[in-house]
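These notes are about the structure you will find just below.
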Amino acid sequence: MPVISLLTDFGNFDEYVGVMKGVILSINPDARIVDLNHWIDPQDIIQAAYLIKSSYSYFPKNTIHVVVVDPGVGTQRRIVVLKIEDHFFVAPDNGVLSLLWQNTKIESAVNVNNSRYFLPLVSNTFHGRDIIAPVAAWISKKVPLKSLGSQLEFSHLKSIEMPFAKISPQNLIKGTVISVDRFGNLLTNIEAKTIFQLCRQNTDKVPVVRLGNSCVKGLSLTYQSVPEKSGLMIIGSRNCLEVAVNRGNASRIFNVGKKDSIVVTLENG
Amino acid sequence: MPVISLLTDFGNFDEYVGVMKGVILSINPDARIVDLNHWIDPQDIIQAAYLIKSSYSYFPKNTIHVVVVDPGVGTQRRIVVLKIEDHFFVAPDNGVLSLLWQNTKIESAVNVNNSRYFLPLVSNTFHGRDIIAPVAAWISKKVPLKSLGSQLEFSHLKSIEMPFAKISPQNLIKGTVISVDRFGNLLTNIEAKTIFQLCRQNTDKVPVVRLGNSCVKGLSLTYQSVPEKSGLMIIGSRNCLEVAVNRGNASRIFNVGKKDSIVVTLENG
Amino acid sequence: MPVISLLTDFGNFDEYVGVMKGVILSINPDARIVDLNHWIDPQDIIQAAYLIKSSYSYFPKNTIHVVVVDPGVGTQRRIVVLKIEDHFFVAPDNGVLSLLWQNTKIESAVNVNNSRYFLPLVSNTFHGRDIIAPVAAWISKKVPLKSLGSQLEFSHLKSIEMPFAKISPQNLIKGTVISVDRFGNLLTNIEAKTIFQLCRQNTDKVPVVRLGNSCVKGLSLTYQSVPEKSGLMIIGSRNCLEVAVNRGNASRIFNVGKKDSIVVTLENG
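Protein chains in written order, with the working numbering: chain A, 1 to 269; chain B, 1 to 269; chain C, 1 to 269.
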């Protein structure tokens with residue numbers, strides 16, 4: 001049974017997600033629908049871009065990932081289907097998929113414009129229901145991508161402004177908090193490999209992050225490697241740098257939130 | 001595989017919804033269970049009535065819609081099964097289904113009182129688990145409705161007090177905010193057709209809504225048809241009038257919430 | 001199709017639950033995954049212990065219950081699989097399963113340490129994804145428990161500190177609020193049978209609970225057995241004592257919350 005994952009900014013307080021599932025099952029009763037996440041901050045394309053990037057590979061090959069974070073709904077922005085590493089992605093072409101092809105080849109990109117695969121009535125307010133969900137359901141029924149619309153030049157796809165952080169000439173990494181999770185952990189856009197690269201270049205020093213008057217030094221292996229209520233740096237489940245507090249809420253304790261900067265420097269250990 | 005949709009006021013913070021799913025799968029392992037919504041405000045029958053009315057038709061024929069918004073649990077209120085337009089509905093008979101038969105014929109109505117289809121032990125606090133979920137599961141196994149209880153006169157079914165708004169003799173529409181969605185959009189009980197009827201009668205004028213000192217004029221086709229942070233009227237995904245703010249939260253900006261009145265008048269454009 | 005239930009403290013705001021589902025379906029595409037609950041307060045093992053105890057029996061036999069409330073993730077705490085009354089449980093060995101065997105025989109207990117059934121890469125921050133979800137998926141594919149690791153002495157399993165309340169020598173029951181549900185109802189660890197035992201010993205008296213200046217007297221059969229906004233005691237859906245308010249929020253009205261004491265005494269009716 002084909003899997004369809006859903007990633008939206010709809011939350012769970014309204015019927016929007018449930019109705020999309022009804023639409024999918026009306027077209028393909030065999031689809032397995034999985035909620036990846038619905039609590040992207042309203043219209044936060046960057047947050048969604050990082051989430052789908054770090055999550056999709058845990059799903060079976062041929063999963064169809066539906067992403068509806070769509071501030072431009074009803075305007076002329078494109079809806080696209082991409083095939084990347086044997087996964088399918090259906091989303092508005094607003095950059096939300098753009099981290100997926102940083103190091104990976106796009107196999108196929110289609111501009112979804114064949115209304116035969118939409119609901120008969122298409123509203124101006126809810127393309128998730130009227131276009132994206134039905135298109136995903138049709139893909140799960142093996143409709144070939146080329147039937148869904150016209151081929152698209154990969155270079156025409158939109159990208160987000162905030163890709164993964166890099167090492168700067170000053171030998172530091174300036175990253176950003178992409179999400180604060182339920183536990184108050186600060187999820188950054190600094191990949192593990194970038195931290196390790198920085199450290200390898202300066203093996204006598206340790207990475208340090210300063211947050212207000214606080215300073216977190218060195219990478220921990222577990223949340224419990226530091227005393228309770230102490231801050232720590234760890235490679236989190238997204239394989240990026242995470243700033244956390246053992247049995248505490250880092251966001252509250254350090255007063256740091258989404259979109260704040262996180263600067264990793266090197267200091268003597 | 002038969003689909004069972006769930007609409008409740010249980011929220012997601014407790015085990016109530018999960019346990020209902022366990023009960024359903026214990027009776028029918030093949031049931032496909034879809035969360036329509038669980039965040040109806042506690043005991044808000046009107047909010048649930050509008051939600052199920054605008055959502056059910058997006059599900060496959062023969063879906064069994066379970067509605068548990070049930071302030072009278074444990075008292076003598078009836079539990080009913082209705083069949084309407086090839087969909088099934090199981091709910092307390094408290095008006096929550098009453099918008100469904102405004103323009104549609106009820107095919108069948110049953111007073112659920114055959115305890116053979118309940119859990120062996122029926123509590124006084126959780127009929128969703130002990131009666132409604134198992135009855136829905138048995139329907140999904142093709143138990144005939146007449147086995148579930150006695151036939152019911154359609155005229156004996158309860159209705160809610162707040163049906164869709166109509167045009168008043170003063171040539172205006174006085175509606176109500178039924179829900180505020182995650183984005184702060186104000187979802188009203190004013191159907192698109194009622195707005196269009198009002199406008200057709202006065203083609204030189206445009207519809208206007210006043211909210212405190214603000215005034216929203218004319219229907220927009222998309223959220224982005226007005227400048228950012230401006231208010232707009234739009235036919236929303238429920239096919240009813242919605243008051244929104246482009247990239248903003250209308251409820252907060254206009255200080256308008258659930259149960260507040262929305263009056264649509266006509267003015268020169 | 002085998003059922004896998006999920007109970008975690010991950011909430012729904014992040015991708016953690018969705019990714020676990022992707023992992024499960026990657027291993028067993030036929031698994032039926034049910035969210036039992038994801039809103040256990042962060043790291044509250046006691047709350048989770050009571051929830052799984054009162055919920056699991058509503059699921060089909062052979063359901064695999066995944067419990068991830070795991071403050072010790074990444075440390076040397078064990079992950080265990082238990083078989084109890086034809087249900088399977090996969091969880092960290094931190095006491096979260098310990099109410100399950102109070103009155104029931106454990107059929108099998110395994111220390112999960114065969115990494116063949118883990119994801120190839122195991123992080124230090126997310127064993128729910130890397131170990132527990134894949135192990136549950138393999139169990140659903142009928143991998144024998146003994147393949148997953150070494151047999152475990154039942155007496156070595158950890159227990160929580162707060163088992164169900166008992167009658168004290170002073171002829172009262174001192175219990176605790178384990179959860180406050182969405183409606184503000186106070187869910188205690190005082191079992192129905194304990195209340196009934198207390199009452200049987202003193203048939204001329206009625207149970208009483210004092211909350212600040214308020215006093216709730218006698219067991220109600222339904223929430224509506226008392227006037228609106230009045231407090232009541234009732235045997236709730238967990239088959240334990242619940243303190244509620246008819247159409248009101250008991251937690252707010254009585255200013256009582258999780259971990260507060262609830263003392264049931266007997267007084268003249």
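Even glycine gets a Cβ: it sits at the ideal position worked out from N, Cα and C.
Computed from a predicted model, the values in this text were never measured in an experiment.
The beta strand (DSSP E) that contains residue i, what's its start and end?
{"i": "residue 263 of chain B", "result": "261 to 268"}
{"i": "residue 217 of chain C", "result": "214 to 217"}
{"i": "residue 188 of chain C", "result": "186 to 191"}
{"i": "residue 69 of chain A", "result": "Unbroken run through residue 69 of chain A: none, as it is neither H nor E."}
{"i": "residue 231 of chain A", "result": "231 to 235"}
Looking at the structure shown, is residue i part of a helix, part of a strand, or coil, going by DSSP?
{"i": "residue 148 of chain A", "result": "helix"}
{"i": "residue 198 of chain B", "result": "helix"}
{"i": "residue 92 of chain C", "result": "strand"}
{"i": "residue 87 of chain B", "result": "strand"}
{"i": "residue 169 of chain B", "result": "coil"}
{"i": "residue 130 of chain C", "result": "helix"}
{"i": "residue 78 of chain A", "result": "coil"}
{"i": "residue 40 of chain A", "result": "coil"}
{"i": "residue 205 of chain B", "result": "strand"}
{"i": "residue 5 of chain A", "result": "strand"}
{"i": "residue 159 of chain B", "result": "coil"}
{"i": "residue 108 of chain A", "result": "strand"}
{"i": "residue 98 of chain C", "result": "coil"}
Measuring only from the beta carbon, is residue i closer than 7 Å to any heavy atom that is part of the ligand GDP?
{"i": "residue 110 of chain A", "result": "As far as ligands go, the structure on display features none, and thus does not contain the ligand GDP."}
Note down, in chain order, every chain A residue with its Cβ under 7 Å from the Cβ of residue i.
{"i": "residue 138 of chain B", "result": "Near residue 138 of chain B there are no residues of chain A at all, since even the closest Cβ is about 20 Å away, more than 7 Å."}
{"i": "residue 15 of chain C", "result": "36, 37, 51 and 55"}
{"i": "residue 11 of chain C", "result": "182"}
Applying a beta-carbon distance threshold of less than 9 Å, which residues of chain B neighbour residue i?
{"i": "residue 43 of chain A", "result": "183 and 247"}
Just to make sure I have the definition right: I need the residues of chain B whose C-beta is within less than 8 Å of the C-beta of residue i. Which are they?
{"i": "residue 125 of chain A", "result": "222, 223, 234, 235, 236, 237 and 242"}
{"i": "residue 32 of chain C", "result": "25 and 29"}
Is residue i near residue j, with beta carbons less than 8 Å apart?
{"i": "residue 31 of chain B", "j": "residue 150 of chain B", "result": "no"}
{"i": "residue 238 of chain C", "j": "residue 198 of chain C", "result": "no"}
{"i": "residue 33 of chain A", "j": "residue 4 of chain A", "result": "yes"}
{"i": "residue 96 of chain A", "j": "residue 165 of chain A", "result": "no"}
{"i": "residue 71 of chain A", "j": "residue 247 of chain B", "result": "yes"}
{"i": "residue 50 of chain C", "j": "residue 99 of chain C", "result": "yes"}
{"i": "residue 103 of chain C", "j": "residue 205 of chain C", "result": "no"}
{"i": "residue 262 of chain A", "j": "residue 209 of chain A", "result": "yes"}
{"i": "residue 189 of chain C", "j": "residue 244 of chain C", "result": "no"}
{"i": "residue 223 of chain A", "j": "residue 232 of chain A", "result": "yes"}
{"i": "residue 130 of chain B", "j": "residue 69 of chain B", "result": "no"}
{"i": "residue 106 of chain B", "j": "residue 84 of chain B", "result": "yes"}
{"i": "residue 195 of chain B", "j": "residue 264 of chain B", "result": "yes"}
{"i": "residue 167 of chain A", "j": "residue 66 of chain A", "result": "no"}
{"i": "residue 228 of chain B", "j": "residue 234 of chain B", "result": "no"}
{"i": "residue 221 of chain C", "j": "residue 74 of chain B", "result": "yes"}
At which residues does the alpha helix (DSSP H) containing residue i begin and terminate?
{"i": "residue 18 of chain C", "result": "16 to 27"}
{"i": "residue 121 of chain C", "result": "That residue, residue 121 of chain C, is in no alpha helix (DSSP H); it is neither H nor E in DSSP."}
{"i": "residue 174 of chain A", "result": "From DSSP, residue 174 of chain A is part of no alpha helix (DSSP H) but of the beta strand (DSSP E) over 173 to 180."}
{"i": "residue 244 of chain A", "result": "Element bounds for residue 244 of chain A: not the alpha helix (DSSP H) but the beta strand (DSSP E), 240 to 245."}
{"i": "residue 133 of chain B", "result": "133 to 140"}
{"i": "residue 250 of chain B", "result": "250 to 254"}
{"i": "residue 51 of chain B", "result": "45 to 55"}
Anything in chain A within Cβ reach of residue i, meaning under 8 Å, just list it in chain order.
{"i": "residue 26 of chain C", "result": "58, 59 and 60"}
Applying a beta-carbon distance threshold of less than 7 Å, which residues of chain B neighbour residue i?
{"i": "residue 71 of chain A", "result": "247"}
{"i": "residue 75 of chain A", "result": "222 and 224"}
Against residue i, what residues of chain C qualify as contacts under a CB-to-CB distance less than 9 Å, listed in chain order?
{"i": "residue 5 of chain A", "result": "18, 21 and 22"}
Going along chain A, which residues have a C-beta under 9 Å from residue i?
{"i": "residue 129 of chain C", "result": "58 and 237"}
Please list, in chain order, the chain C residues whose beta carbon lies closer than 7 Å to that of residue i.
{"i": "residue 316 of chain A", "result": "This structure does not reach residue 316 of chain A, given that chain A is present from 1 up to 269, and the question cannot be answered."}
Between residue i and chain F, is the shortest Cβ-Cβ distance under 8 Å, so that the two count as touching?
{"i": "residue 203 of chain C", "result": "As a matter of chain content, chain F is missing from the structure shown, whose protein chains are A, B and C."}
(request) Check whether the stretch 36 to 43 of chain A touches the stretch 8 to 15 of chain C, counting contact only when three or more Cβ pairs, one atom from each stretch, lie closer than 8 Å. (result) As far as the Cβ criterion goes, the stretch 36 to 43 of chain A touches the stretch 8 to 15 of chain C, which means the pair count is three or higher.
(message) Check whether the stretch 145 to 159 of chain C and the stretch 171 to 186 of chain C are in contact - that is, three or more C-beta pairs closer than 8 Å.
(response) Flag = no, the stretch 145 to 159 of chain C and the stretch 171 to 186 of chain C do not touch.
(message) Using 8 Å as the cut-off, can you tell me whether the stretch 56 to 64 of chain B makes contact with the stretch 106 to 125 of chain B, which would need three or more C-beta pairs spanning the two stretches below that distance?
(response) No, the stretch 56 to 64 of chain B does not touch the stretch 106 to 125 of chain B.
(message) Between the stretch 242 to 254 of chain B and the stretch 198 to 207 of chain B, can you find at least three pairs of beta-carbon atoms closer than 8 Å?
(response) Output reads no: the stretch 242 to 254 of chain B does not touch the stretch 198 to 207 of chain B.
(request) Could you tell me whether the stretch 74 to 91 of chain B touches the stretch 131 to 140 of chain B, where touching means 3 or more Cβ pairs closer than 8 Å? (result) Verdict: yes, contact present.
(request) Answer yes if the stretch 66 to 81 of chain C comes into contact with the stretch 103 to 111 of chain C, meaning at least three C-beta pairs across the two stretches below 8 Å, and no otherwise. (result) Yes, they touch.
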